[in-house]
Every structure is written in C-alpha cells, then in structure tokens.
Amino acid sequence: MAKTKQVKTVLVIGCGRMGASIASLASEENKDVTVVDIEEDSLKRLPASYGGNTLLGDGMDRDVLVRAGIKQADTIVAATDSDNVNLFIGFLAKTLYQTGNVVCRLYDNSKQTVVEDRDIDTICPPELSVRAFKDLIDEEVSPDGHQDS
Amino acid sequence: MAIKTRKIVISGGHKKVHYLLQSLAPSKHRIVVINKDKQFCKALSREFDGATIIHGDASEPDILEDAGIAGFDLAISLCNRDEDNLVISMLMRDIFDVKRTVALVNQPQNVEFFDEAGIDSTINSAKVIAGIIEQHAFTEKLRSFTPFENEELMLVDIEVPEDSPLLSKKISDIKVPEGAVINAIYRDQKAILPRSETMIEAKDRLIITTFKKARQKTVKAILEPNAKPKKRVF
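Quick mapping for you: the protein sequence lines, in order, are chains A and B. Numbering-wise, the first sequence is residues 63 to 211 according to my numbering. Numbering-wise, the second sequence is residues 31 to 264 according to my numbering.
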C-alpha cells in the first residue's frame, strides 16, 4: 500500500494524429503506454521511436479494454474520431474501473456538459485552436496599439 | 379508462420509430421524434401529422434545446450505436431533466454498464430473443399464445405430454395455478367442454385462459412432471 508506483500507465484509445502523438509523447516520458485502435493502418501512425504497446481491437469492447490494461491504467485518453465513443469510453472507465485520470477528446465542446461534475476531463481541439489563434492576434495587435482605444 | 397523456421524445431508429408512432398515434401523447436521416424525417412528417419530427443529431445539446424537450416524461433512444444511446440518454436525464430514460442496447455486454450509468430501462434485442427461444425450447408442446386485446389475459393452446403430472386426473383434482382456467379440451379432433369429472389424457390439447402473469406457471404445471403449483383452483 505504501509503495508508490514509479511508472505511470497510460491507455490511449484511437490512434489518429492526436492519439498517436499523445502516445509517443507519453512513451518518451517513460510511461507505460498502450494504444488501441480498430484499424491496423492507424497503428502505423506511431513513430518508429515509439516504445509502448499496441493493441488491435474495438475500444468500445470491454474485453479489449481489459486486455489493454484498463484495470491498472492511471490515465485513459479517449481520442477516437467520434465524440460519443470517447464519452462512452471515458464514462465506462470512470464508472466500471474507477480510472484516476480520464480525458475525452471532443469536436463538439457543447457535449462537455454530459460529463461535467463526473471527474472526467475533456479536450476540444477546435476550441484550443481558436483560443491560440485569438492569443496570436491579440499579441500582434496590442504592441502597435491598433486595438487600444 | 383514461390514460394520462405523456410527453415523449424518441431519438434515432427507423422501423422501430415508425412502429412506435403507429401504435402511439391514436393516443393523446405529445411526441417528438429526432432523427439524423433527413429523408426518413420527411416521410415521417408526411405520415404522422400529430407528431413533431425534427431532423438532427439528438446527441447534440443544441438540437435538444431547439426541440424543446426539457422536462419531458420519457426519452426513448433507439440508435444502432450504443455510444449514441448512452450520450443521448445522459443528456436527456442530466441536462434536460427528462423524467425517465429508456435506451436500446445493441451489445449485450453493455446492458450492465447502462444500468450502472443510471439509465432507467434498457432493451437488448439479443437478450429478449434469447429469452423467447429459451421459453420455446422449454415449451415445445405449446402451440400458441394468443394475447387478448388488453394483454392482461392470454389464451394458451397446449398439448398434454405423456409424462404430464395431470394425466389420469379429474379436472376437479387438478392443481392449476391461480389465474388460469381450462376452457376446453380437444381430444381426437373433438372439442370437449370439461366438467369436474372429466379426466385429462395424454395428447389432449388444452385451451386455457390465463392471466398473463400466471402464464409461465400454468405452462409449467402442465408440462413439468415435478412442478408443484402452490394454489389449488379447480
């Protein structure tokens, strides 16, 4: 009990561009990573340097998730191309396996309300892009004083 | 008998929605249908002018907002993907305060999870069908069930097997579960209206009226050699 776990385990569902990048980043940080995708070709997105595990299978399937190590995972990132699948997996991880960190990728940020107050985090790339874009514009504009009035 | 009118929203599905609308049409329920298939929505709105048909994805909060279903009595989700039904049901319940949620669950393994997630009722076709098959495997002597209009009573037509506990017994001595009555016996193609002294023979076809809830017990009493029905009725 007192033993602190050294290596954090991360489970990534969906090996699209985002899933693959998160997985390889986590693996560079020496985390114990497993990526699951339903398509073999998607798993090829992982860089040659990726040192984690891969599993071919449906991330909605409980048996696949168990084989991927959901019971031991500290973090699960649901990054398939479907918001509802990501929410489903996130909610499943939280409800049935009490996974500590649960992150769901959403295209439609309004769906975030469904997991509010459930200790599930969401990332919405379009929203982040817009924010970053806005910051860039603000930076560009402010020094010249064009926007100051 | 007045049935309370309810506000019902039905998301996803095709044939099931059509069937539901048909059976609900005579009622006074307020019905909203949300469906992603535009052509299907058009066809539905032509056929059912009493219902509100909305083209859109019911898992998007904006669509639900526009549909005006907040506070509805019942949300039925019939999509063919479990994740859609889960997200829709959760939105309906948590964000739009719908009182009761019913979801189709396509994968049997997800039934338990939907229950845990607090979806009020789940419908899983595989489980329903498995139940029916089980019943039929057990009751191969059963010729038919005919539900009455109000579905409270059923007419059962069943053949008495060679090892039935009812053999060589007078009708008056037979223990049939409460809520069931033997109306007629077909023996060698002839109908007999049973009297208290009539004896049951193997291969008799019994026509029984039974309350739906007593159906299973009634069938057991006739077919299972060791069944011990509790109540004596005849």
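Where is the CB? At the ideal position from N, CA and C, for every residue including glycine.
Item	Value
Consult DSSP for residue 39/B and reduce its assignment to one of helix, strand or coil.	strand
What does residue 124/A touch in chain B if you count any residue whose Cβ is under 7 Å from its own?	139
For my contact list, residue 135/B and residue 144/B are in at a C-beta cut-off of 8 Å; report their separation, rounded to the angstrom.	5 Å
Determine whether the Cβ of residue 144/A lies closer than 8 Å to any Cβ atom of chain B.	yes
Between the beta-carbon of residue 47/B and the beta-carbon of residue 38/B, is there less than 8 Å?	no
If you draw a straight line from the alpha carbon of residue 254/B to that of residue 42/B, how long is it in whole angstroms?	43 Å
Within 10 Å of its beta-carbon, does residue 195/B have 16 or more other beta-carbons around it, so buried, or fewer, so exposed?	buried
By the three-class DSSP mapping on this structure, what secondary structure does residue 129/A have?	helix
If you follow the beta strand (DSSP E) that residue 104/B is in, where does it begin and where does it stop?	104-107
Would you say the segment 140-158 of chain A touches the segment 59-71 of chain B, given that touching needs at least three Cβ pairs under 8 Å?	no
So the candidates are 92/A, 93/A, 91/A, 82/A; which of them puts its Cα closest to the Cα of residue 102/A?	82/A
According to DSSP, which residues form a beta bridge with residue 122/B?	Partner(s): none; residue 122/B has no beta bridge.
By the 8 Å beta-carbon criterion, what residues does the segment 141-154 of chain B contribute toward chain A?	143, 146, 147
Could you give the first and the last residue of the continuous beta strand (DSSP E) run that contains residue 189/B?	183-189
Using 10 angstroms around the beta-carbon of residue 92/A, count the other beta-carbons present and answer buried if the total reaches 16, otherwise exposed.	exposed
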